[in-house]
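Please read the structure below before turning to the comments.
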Amino acid sequence: RHWVFHETSKLDGATPLVARIENIVPFHDGFRALCAAIAAPVAQLLGEPAALFKEKINYKMPGGDGFKAHQDSQAGWESYASYFVTVALSIDRATVENGCLRLAAGEQRKGLYRAWEPLTAAEVAAMRFEDCPTEPGDLVLFDSYAPHASEPNLSGAVRRMYFATYNRASEGAHMARYYADKHKNYPPDIDRDPGRRYVFRV
């Protein structure tokens, strides 16, 4: 089934929250149709048909954590394909207060900094991040070199956002292999070994 990941609320340090759900399309006709529809503008950017690589819903519930600044390709994606475009679809209104997406203007032109290593504090400090508030139904498209981040949601409003990532179809369909590889190192909560420590690297 789809994968569910949890986190602990930053508001009280105790309440368990759903952080995100991944691998939805194989089990949901509606999201499968949605991904087929939004592949069209991605194909315009890629210059050819787009293949779905991965997808998820970030729930960003009240008390949900943010994400440190990162490039998506830092997570070893280039072992599957050379380039990716992500579509962020706003489900709820995203504001500065509830942790909207933040993008570093122009930094994608520099390409990949380093694979499997986080951006340094000095690198992040030198970037010009801009808040990207959205309304339900808005789409934001960015590539796998664009540094992005978000702050925790310390408001009372949930901020769900659906992310679908695509690669050039000519480079193959890699979604099944991506999730098989991820399951070995960072499986959903229900499949985790209680005696093992799982670390999210980048």
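In terms of my numbering, the sequence shown opens at residue 2 and continues consecutively.
Cβ coordinates follow ideal geometry from the N, Cα and C atoms, glycine included.
Treat the numbers as computed from the prediction; the structure is a model and nothing was measured.
When only Cα atoms are considered, Gln72 and Lys111 end up about 11 Å apart. Runs of beta strand (DSSP E) with 3 or more residues, each lying fully within the segment 116-198, are found at 130-133, 140-144, 149-151 and 162-169, listed in chain order.
Less than 8 Å separates the beta-carbon of Phe6 from that of Pro189. With fewer than 16 other CB atoms across the displayed protein chains lying within 10 angstroms of its CB, Pro137 is exposed. Counting along the chain, the unbroken beta strand (DSSP E) around Val88 starts and ends at Phe85 to Ser91. Residues of the same chain with a CB within less than 8 Å of the CB of Phe54, apart from the 5 flanking positions on each side, are Trp78, Tyr81, Ala82, Phe85, Thr166, Tyr167, Asn168, His175, Met176 and Tyr179 in chain order. For Ser171, the closest of Asp194, Arg33, Ala52 and Arg115 by C-alpha to C-alpha distance is Ala52. The beta-carbon separation of Phe164 and Tyr187, rounded to 16 Å, does not stay under the 8 Å limit for a contact. Secondary structure of Val200 (DSSP, three-state): coil. Using a Cβ distance threshold of 8 Å, Arg2 and Asp93 do not count as a contacting pair.
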